[in-house]
Structures are given as C-alpha cells and as structure tokens.
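What follows is a set of notes on a single structure, which appears directly below.
Numbering (my numbering), first residue to last: 205 to 428.
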C-alpha cells in the first residue's frame with residue numbers, strides 16, 4: 205500500500221511536467237526539470253535497439269571491415285565505374301580524406317569502449333540504418349565515389365542537431381546528445397562498407413542520406 209501511495213504522489217507531482225518549445229522539460233510554474241527530454245531529446249516511440257558494430261571487433265577485424273585501401277587499383281576497377289576510378293586517380297585529396305575517415309572511426313571506437321567497458325554494443329537509437337539500406341546488384345560497378353560518401357556523411361551529421369545554438373556550451377551539449385548516433389552513422393556509412401558490403405549507387409546513397417535526416421528530425425520529441 206505504501207509503494208502505491210508513493211507512486212500516486214509521484215504521478216500527481218509530475219502530471220504538469222511537459223516539453224516546452226525550447227526543448228526543456230518544465231512544470232506548470234516554469235521550474236526546470238530537465239534540459240533535454242531523456243538527455244537526448246528523442247521520443248521513446250521513435251527509437252529501437254541497434255548494434256554499434258565497432259566495439260566488439262579485434263583490431264585486425266576492425267581494420268579489415270572498415271579501412272578502405274585507395275592504392276589497390278585492381279580492387280578499385282572491380283568495384284567502381286571508370287568515371288569514379290579516374291576521379292580517385294586524379295584527385296590528390298583522396299588518400300588524406302580516407303585517412304581522416306579511418307582516424308575518426310578509430311577515435312569513435314575508443315570513445316565507445318570507454319562508455320561501454322563491458323563490451324555491450326546494443327544501444328537505443330532512431331533510424332534503423334540496416335532496414336533502410338537496400339542492396340544493389342553487386343556485379344555492376346558502383347558510380348558512387350568514396351569522396352562523395354565521406355562528404356555526404358559529414359554534411360548529414362552537421363545537420364543532426366538536437367541542441368540548437370552556436371555558443372560553446374550548446375555545441376558541446378549537442379555533441380554529447382548525438383554522440384552515439386553519429387558514431388553509428390559513421391561506422392555504418394563508411395567508404396569501405398558502402399562500396400563493398402552495401403554496394404550503393406549515387407542515387408540510392410542520396411536517398412538514404414535524405415531519409416536519415418528526415419527520420420531523425422521526426423524522432424525528436426514534440427512540445428506538449
């Protein structure tokens with residue numbers, strides 16, 4: 205009986221709590237309860253369990269699955285169209301961009317291993333990426349450049365915003381709120397997996413990027 209009474213008191217005390225238009229959680233007299241709903245600003249009905257693919261892998265398996273090798277011409281000819289191949293061969297920024305992507309993936313992996321020291325890789329996030337990705341005929345060379353993949357993912361994540369604002373604290377709060385989602389997107393849509401595992405075309409990649417952004421915006425909790 206005492207437990208039920210305590211629960212009833214909690215419900216009565218919190219029934220005026222609501223999400224306001226600035227994203228904060230406040231009660232009827234405007235007292236701040238929480239800066240962001242659930243600390244990530246995402247609605248519970250829009251998220252589901254997803255696996256972070258980098259945490260459990262050994263260093264060798266991690267490199268094999270995620271590191272793209274732009275120097276393997278035979279592999280490039282088998283995977284990409286002639287136009288993409290010419291772009292990769294003529295562009296001096298290719299190696300630097302791919303190396304930066306690899307370093308970012310490695311940093312993400314280290315951060316995730318600090319957050320989940322037990323090795324647990326299942327997290328609750330919006331936008332089930334694997335369900336959204338549809339596989340293309342792998343026998344046909346892809347017309348999607350690795351440089352476009354890197355830039356597309358970078359542009360997408362710059363638009364993934366939960367805490368708006370240009371000041372240092374707002375940017376830090378947004379980075380913390382979207383850390384796991386950004387890590388999931390980078391590890392799923394890295395150049396190696398997009399080219400080899402998913403074999404996406406330019407058209408399917410552009411659709412996927414737009415769909416992820418739309419669904420992420422829809423997943424944010426609404427005021428009320």
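Ideal Cβ positions, reconstructed from N, Cα and C, are used throughout, including at glycine.
(request) Take every Cβ of the region 362-380, pair it with every Cβ of the region 299-316, and state whether three or more of those distances are shorter than 8 Å. (result) no
(request) Report the three-state DSSP secondary structure of residue 254 (helix, strand or coil). (result) strand
(request) Specify the secondary structure class of residue 374 as computed by DSSP and reduced to three states. (result) helix
(request) Give the single residue among 423, 389, 425 whose Cα lies nearest to the Cα of residue 409. (result) 389
(message) Quick check: the region 287-295 against the region 220-238, are at least 3 beta-carbon pairs closer than 8 Å?
(response) no
(message) Using CA atoms only, rank isn't needed, just tell me which of 289, 314, 325, 229 is closest to residue 253.
(response) 325
(request) Only counting runs of 4 or more residues, tell me where the alpha helix (DSSP H) segments fall wholly within the region 226-310, in order along the chain. (result) 263-270, 277-283, 286-294
(message) Nearest by alpha-carbon distance to residue 313: which of 343, 268, 347, 261 is it?
(response) With distances taken between CA atoms, residue 313 lies nearest to 261 out of 343, 268, 347, 261.
(message) Distance check for residue 257 and residue 316, CA to CA, integer angstroms please.
(response) 11 Å
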